[in-house]
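Comments concern the structure below.
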Amino acid sequence: MRLTNHFIRKKVKDLAGAKKRQSNFCTLKDARHILVLFNAEDRDIVEPCLETLRMMHKHINVCAYVASDVVPEMNPAYMVIHGKTDLDLWCIPKDEIQKKFYGCDADILIDLTRRNDYVMQYLLLRHPATFKVGARSSELDLYDLTISVTEEADIKHIFGHILFYLQTIRSK
Numbered sequence: 022m023r024l025t026n027h028f029i030r031k032k033v034k035d036l037a038g039a040k041k042r043q044s045n046f047c048t049l050k051d052a053r054h055i056l057v058l059f060n061a062e063d064r065d066i067v068e069p070c071l072e073t074l075r076m077m078h079k080h081i082n083v084c085a086y087v088a089s090d091v092v093p094e095m096n097p098a099y100m101v102i103h104g105k106t107d108l109d110l111w112c113i114p115k116d117e118i119q120k121k122f123y124g125c126d127a128d129i130l131i132d133l134t135r136r137n138d139y140v141m142q143y144l145l146l147r148h149p150a151t152f153k154v155g156a157r158s159s160e161l162d163l164y165d166l167t168i169s170v171t172e173e174a175d176i177k178h179i180f181g182h183i184l185f186y187l188q189t190i191r192s193k
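Going by the numbering used here, the sequence shown opens with residue 22, and the numbers climb by one from there.
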């Protein structure tokens with residue numbers, strides 16, 4: 022049984038409002054490891070984006086969140102977090118899930134989740150990635166580089182903007 026999202030929402034707000042960590046800008050050229058977050062139902066949209074990164078010879082770690090009862094077929098290399106089995110009573114990811122997630126190397130963390138998903142926001146905020154990027158989806162400041170998009174922007178559009186800015190950034 023899961024309780025309300027109140028507790029994880031409060032933790033996310035506290036983490037987002039905490040003293041800012043030192044962000045180190047990382048260009049796409051300099052990045053060796055990239056961690057990509059997305060919702061499992063968007064798998065078919067996200068796969069071409071991941072393939073683009075693979076063609077650039079980047080080492081990609083992928084984490085997908087499944088909120089529904091049915092886990093879609095996924096690449097076995099992907100870390101899949103299931104909302105029904107991998108969260109505790111307070112809707113916080115279990116310790117073993119957190120350890121596995123935080124153990125993923127990431128010079129750049131790219132968030133392609135589309136809705137306010139507190140589980141993924143919680144993990145994102147606590148991950149030690151060098152540089153975090155995503156589209157603004159709430160009033161919270163979650164990223165080192167925030168892409169402002171319209172409400173109806175799709176994942177491919179957002180990913181295109183993220184890729185453009187990561188290729189354009191000069192880190193020196």
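Backbone N, C-alpha and C define an ideal beta-carbon position, used for all residues, glycine too.
CB residue i to CB residue j, shorter than 8 Å?
{"i": "Ala-174", "j": "Ala-156", "result": "yes"}
{"i": "His-148", "j": "Tyr-123", "result": "yes"}
{"i": "Ile-190", "j": "Phe-59", "result": "no"}
{"i": "Tyr-99", "j": "Val-87", "result": "no"}
{"i": "Ala-61", "j": "Ala-39", "result": "no"}
{"i": "Leu-265", "j": "Val-33", "result": "This structure does not reach residue 265, given that the chain is present from 22 up to 193, and the question cannot be answered."}
{"i": "Arg-135", "j": "Ile-176", "result": "yes"}
{"i": "Cys-70", "j": "Phe-152", "result": "no"}
With DSSP as the reference, please indicate the residues paired to residue i in a beta bridge.
{"i": "Leu-166", "result": "Val-154"}
{"i": "Met-100", "result": "Cys-84"}
{"i": "Leu-130", "result": "Leu-56, Lys-153"}
{"i": "Pro-114", "result": "Leu-108"}
For the beta strand (DSSP E) that contains residue i, what are its first and last residues?
{"i": "Phe-195", "result": "No statement about residue 195 is possible, as the shown extent of the chain runs from 22 to 193 and does not include it."}
Within 10 angstroms of its Cβ, does residue i collect 16 or more other Cβ (buried), or is it exposed?
{"i": "Val-140", "result": "buried"}
{"i": "Leu-110", "result": "exposed"}
{"i": "Gln-142", "result": "buried"}
{"i": "Phe-185", "result": "exposed"}
{"i": "Met-22", "result": "Because the pLDDT at Met-22 is just 45, under 50, the model does not fix this residue reliably, and the value given afterwards should be weighed accordingly. So Met-22 counts as exposed."}
{"i": "Asp-132", "result": "buried"}
{"i": "Asp-116", "result": "exposed"}
{"i": "Val-154", "result": "buried"}
{"i": "Asp-138", "result": "buried"}
{"i": "Glu-68", "result": "exposed"}
Check for me: the alpha helix (DSSP H) holding residue i runs from which residue to which?
{"i": "Cys-70", "result": "64–76"}
{"i": "Phe-185", "result": "176–189"}
{"i": "Asp-107", "result": "No alpha helix (DSSP H) contains Asp-107, which DSSP labels as neither H nor E."}
{"i": "Arg-42", "result": "From DSSP, Arg-42 is part of no alpha helix (DSSP H); its letter is neither H nor E."}
{"i": "Met-141", "result": "139–147"}
Since residue i contacts residue j with CB under 8 Å, what's their CB separation in whole angstroms?
{"i": "Ile-81", "j": "Arg-75", "result": "6 Å"}
{"i": "Gln-188", "j": "Leu-56", "result": "So it is not a contact: roughly 18 Å between Cβ atoms."}
{"i": "Phe-28", "j": "Cys-112", "result": "7 Å"}
{"i": "Ile-129", "j": "Ala-150", "result": "7 Å"}
{"i": "Arg-64", "j": "Met-95", "result": "7 Å"}
{"i": "Pro-114", "j": "Leu-144", "result": "6 Å"}
{"i": "Asp-90", "j": "Lys-105", "result": "6 Å"}
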